Amino acid sequence: MADANPGGADNFDVVILGAGSGGYACALRAAQLGLSVALVEKDKVGGTCLHVGCIPTKALLHAAEVADSTRESEQFGVNATLEGIDMAGVNKYKDGVVTRLHKGLTGLVKGRGITVVEGEGRLVAHDTVEVDGRRVVGRNVVLASGSYSKVLPGIEVDGERVLTSDHALSLDRVPTSVVVLGGGVIGCEFASVWRSFGAEVTIVEALPRLVPAEDEASSKALERAFRKRRIGFRTGTPFTSVERTDDGVRVTVEGGETIEAEILLVAVGRGPRTEGLGYDEQGITLERGFVLADERCRTNVEGVFAVGDIVPGLQLAHRGFAQGVFVAEEIAGLSPTPVDEAGIPRVTYSDPEVASVGLNEAAAVEQYGADRVESLTYDLGGNGKSQILRTQGFVKLVRRKDGPVIGVHMVGARVGELIGEAQLIYSWEGYAEDVAPLVHAHPTQNEALGEAHLALAGKPLHAHS
Ligand SMILES: Cc1cc2nc3c(=O)[nH]c(=O)nc-3n(C[C@H](O)[C@H](O)[C@H](O)COP(=O)(O)OP(=O)(O)OC[C@H]3O[C@@H](n4cnc5c(N)ncnc54)[C@H](O)[C@@H]3O)c2cc1C
1 MADANPGGAD NFDVVILGAG SGGYACALRA AQLGLSVALV EKDKVGGTCL HVGCIPTKAL
61 LHAAEVADST RESEQFGVNA TLEGIDMAGV NKYKDGVVTR LHKGLTGLVK GRGITVVEGE
121 GRLVAHDTVE VDGRRVVGRN VVLASGSYSK VLPGIEVDGE RVLTSDHALS LDRVPTSVVV
181 LGGGVIGCEF ASVWRSFGAE VTIVEALPRL VPAEDEASSK ALERAFRKRR IGFRTGTPFT
241 SVERTDDGVR VTVEGGETIE AEILLVAVGR GPRTEGLGYD EQGITLERGF VLADERCRTN
301 VEGVFAVGDI VPGLQLAHRG FAQGVFVAEE IAGLSPTPVD EAGIPRVTYS DPEVASVGLN
361 EAAAVEQYGA DRVESLTYDL GGNGKSQILR TQGFVKLVRR KDGPVIGVHM VGARVGELIG
421 EAQLIYSWEG YAEDVAPLVH AHPTQNEALG EAHLALAGKP LHAHS
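Reading the sequence shown from the start, the letters are residues 1 to 465 in the numbering used here.
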């Protein structure tokens, strides 16, 4: 392997601790910019996203969509019967996708001359990561050690009856019934998959609504769709306890109601993986375990950066990619523009999907005042392609009065694929009047974005004025 390390055996321009989305993106860009890079990883390059996160869950969701299409084929005049779900087959498909991508990524890392140091790393000086006794020194150090599934006090995860998402991804059967603890992105995605596979599903969420970080209208639409799919949920209902029964679990929620199921999935968020890694000993400022970093991803210690899930904010792979690339460019002296946290698109890939970028209406009102903000909702009922797909939902735009669009919120099958255009509109501070004249191909779901902007610009086409 070409080892681009002119500085000497274990001296590098950049040492990165953790090869997940944030860490490997930083490594790839830094190497591209001619810097020598050491990438320390104790497990597999690719991290959570590739191995136990984004990619395998989306493969499961695609298999779930195939199951639903088969089950509902008659609606489209196609005679097909869903005979069952072969989890061994589903897992083979999912694992095949992960393996191919892992192989590709490993090749990419190797091809760029990045030195991968395998093993558990620990920050032992502001410029040194120690791995199995080997000291890897960097002019700059990037902390990218990622996150783990959190568990509530009193819950004992055994991987059989009480699972985290890691276990749920390698389940060898479709459970007959599941309680999903947590109605955020991960909880809703698994609930959606299991329902499509035929399980009875109940989500328990302490906050008042599903996907509580989204615009209230999106939560309402998702809840309506889940109700139709007979996915049960209790919102505003904190979990109290779980006990094992002969054939599963009994979950008790506040108020005393009990729900029995074969398994419990704990999806209550992810905590930063920072404990025992030497960060605090080296004087890095932590808050509730998260590494505090400024908008240039700098920690309080000179030469030490932090990216990805260990930094407070959205725990998303593409945020990690963006921060990793940013840090590489910063180290190379390119003075890149900081990542705009509100401009990071968010997608929940359940059926239906929920996608958004920018501010939700409540946040916009808080920031600018109710009299300075307005919103418009375009119903997918007027969108031909959405009707062909038989999906319901909307595109909701939030704008500053007489100003640019500052938030786009969408619900419906496949709307995650529309978030790219929404992101450009948000990031380029587009006005409805700028977007309205842009021609959208017909019939596409993208048209719904165009139509929403036409309506906001005062000239609705396929919408009641
Ligand atoms: C079920 C699930 C679904 C998800 N779906 C999506 C999605 O659809 N879209 C999306 O954008 N995000 C999704 N995410 C979130 C996404 O996976 C994370 O935001 C992303 O992986 C964070 O990247 P990271 O680099 O910060 O950390 P990680 O990907 O967690 O990588 C950290 C790496 O550091 C390594 N490491 C840790 N400590 C050490 C050490 N001491 N020594 C050596 N190596 C170490 C770990 O082994 C790991 O490989 C999902 C997450 C989960 C759990």
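Even for Gly, the Cβ is constructed at its ideal location relative to N, Cα and C. Here the structure is a predicted model, which is why all the values come from computation and not from measurement.
(Q) Based on DSSP bridge pairs, tell me the residues matched to R400. (A) V373
Q. Hey, is E41 close to ligand 1, as in C-beta under 7 Å from one of its heavy atoms?
A. yes
Q | Beta-carbon proximity of T237 to A213, cut-off 8 Å | A | no
Q. Do P299 and ligand 1 come close, with the Cβ less than 7 Å from some heavy atom?
A. Inspection of the sequence shows that residue 299 is occupied by Thr rather than by Pro. It does not: the Cβ of T299 is nowhere closer than 7 Å to a heavy atom of ligand 1.
Q. Mind checking whether V201 and V185 have CB atoms under 8 Å apart?
A. no
Q: Measure the beta-carbon distance from G412 to Q392 and round it to whole angstroms, keeping in mind my assumption that it falls under 8 Å.
A: 7 Å
Q.
Starting from P56, trace the alpha helix (DSSP H) in both directions and tell me its first and last residue.
A. C54 to R71
Q: Would you identify the three-state DSSP class for F226, choosing helix, strand or coil?
A: helix
Q.
Starting from L265, trace the beta strand (DSSP E) in both directions and tell me its first and last residue.
A. I263 to V266
Q: Keeping to the same chain, check which residues put their C-beta closer than 6 Å to that of R209; ignore five residues upstream and five downstream.
A: S219 and T235
(Q) Beta-carbon within less than 6 Å of S467's beta-carbon, same chain only, minus the 5 sequence neighbours each way: which residues are those? (A) Lying before the first or after the last residue shown, residue 467 is absent from the chain, which here runs from 1 to 465.
Q | P460 versus D158 - alpha carbon distance | A | 55 Å
Q.
Check this for me: beta carbons of I406 and S145, under 8 Å apart or not?
A. no
Q. So, helix, strand or coil for D172, using DSSP?
A. coil
Q) Does ligand 1 have even one heavy atom less than 7 Å from the beta-carbon of H318? A) yes
Q: Determine which residues share a DSSP beta bridge with E41 and list them.
A: E118
Q.
Are there any heavy atoms of ligand 1 lying less than 7 Å away from the beta-carbon of S36, as far as the coordinates show?
A. no
Q. Any heavy atom of ligand 1 within a distance shorter than 7 Å of the CB on I310?
A. yes
Q) Just to confirm, does Q423 get its C-beta within under 7 Å of one of the non-hydrogen atoms of ligand 1? A) no
Q) Taking the alpha carbon of A80 as the point to measure from, which residue in D86, D68, G89 and A88 has its own alpha carbon closest? A) D68
Q) With a CB to CB cut of under 6 Å and the five nearest residues on each side skipped, what residues in its chain are close to M1? A) Confidence is the limiting factor: at M1 the pLDDT is only 38, short of 50, which leaves the residue's position unreliable, though a coordinate-based value still follows. Taken in chain order, the residues that qualify are K110.
Q) How is the alpha helix (DSSP H) around V90 delimited, first residue to last? A) M87 to G111
Q: Would you mind sorting V439 into buried or exposed? The rule is 16 or more other CB atoms within 10 Å of its CB.
A: exposed
Q.
Considering only their Cβ atoms, is the gap separating D127 from V141 smaller than 8 Å?
A. yes
Q.
So if DSSP puts V15 in a beta bridge, which residue, or which two residues, is it bridged to?
A. A38 and V141
**Q.** Touching by the beta-carbon criterion (3+ pairs, under 8 Å), the stretch 300–315 and the stretch 276–291
**A.** yes
(Q) Out of D246, G187 and G138, which one is the CA nearest neighbour of R161? (A) D246
Q | R229 to V180 span [Cα, whole Å] | A | 16 Å
Q.
Cutting at 7 Å between CB atoms, please list the residues of its own chain near Y148, excluding the five before and the five after it.
A. R270, G271 and R273
Q.
Going by the DSSP bridge assignment, what does P272 pair with across the sheet?
A. S147
Q: Note down, in chain order, each residue of its chain lying with its Cβ closer than 6 Å to the Cβ of R195, except the 5 sequence neighbours on either side.
A: V201, R229 and I231
Q | Three-way DSSP call (helix, strand, coil) for V365 in this model | A | helix
(Q) According to DSSP, simplified to helix, strand and coil, what is L181? (A) strand
(Q) Any contact between the stretch 48–68 and the stretch 110–126? By contact I mean 3 or more CB pairs, one from each, below 8 Å. (A) no
Q.
Counting C-beta neighbours from all protein chains within 10 Å, is the total for R100 16 or more, i.e. buried, or is it exposed?
A. exposed
Q) For R234, does the three-state DSSP call read helix, strand or coil? A) strand
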